[in-house]
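Asker: If you're matching positions, the sequence shown starts at 13 in this note's numbering and goes up one per residue.
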Amino acid sequence: MADRKCLALIAHDQKKDDLAAFAKAHEATLSGWKIVATGTTGGRVLDACPGLDVTRLKSGPLGGDQQIGALIATGDVDCLIFFVDPLTAMPHDVDVKALMRLAIVYDIPMALNRATAEQLIDFRRN
13 MADRKCLALI AHDQKKDDLA AFAKAHEATL SGWKIVATGT TGGRVLDACP
63 GLDVTRLKSG PLGGDQQIGA LIATGDVDCL IFFVDPLTAM PHDVDVKALM
113 RLAIVYDIPM ALNRATAEQL IDFRRN
């Protein structure tokens, strides 16, 4: 992952279609990134954008959030886009909070909704 910047993509169930649409809208820009994503989210992104370089990890509740957290801690993830659904209870809420904490501790850019992700992508492109 050293040559290109690495972007982590995660979306809660009710936000997966939104993230896939976001990826499709920004496919040209995202093609310059190495992407890691939790399992189902990565599958949706690949369905929308088969040409992107996406590595699918485990599903979030099965350890995918923790895998991405580990990549953040080792310096292998440069940016996190996580479309959060604030209206749905998450059984793995503790993992989600730990992941967000790591992004803050290691000071990587993190977008939690589409509006912020749009700004982040525009900023990173320039």
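Quick reminder that beta carbons are idealized off the backbone N, C-alpha and C, glycines included.
D15: which of A110, D88 and D97 sits nearest, CA to CA?
Answerer: As a first step, residue 15 is located in the sequence shown; it is residue number 3 there, counting from the start. Out of A110, D88 and D97, D88 has the C-alpha closest to the C-alpha of D15.
Asker: DSSP three-state call for I93: helix, strand or coil?
Answerer: Position 81 of the sequence shown, counted from the start, is the residue given in the question as residue 93. If DSSP states are grouped into helix, strand and coil, I93 belongs with the strands.
Asker: Just to confirm, is the Cβ distance from Q26 to D97 under 9 Å?
Answerer: Along the sequence shown, read from residue 1 onward, the residue named residue 26 stands at position 14. Along the sequence shown, read from residue 1 onward, the residue named residue 97 stands at position 85. Closer than 9 Å, so yes.
Asker: Alpha carbon to alpha carbon, how far is T67 from Q79? Give it in angstroms, no decimals.
Answerer: The residue labelled residue 79 in the question sits at position 67 within the sequence shown. The residue labelled residue 67 in the question sits at position 55 within the sequence shown. Cα to Cα, the separation comes out at about 12 Å.
Asker: Going by C-alpha distance, which of G81, T50, L99 and D29 is nearest L141?
Answerer: An answer regarding residue 141 cannot be provided, because it is not within the stretch 13 to 138 covered by the chain.
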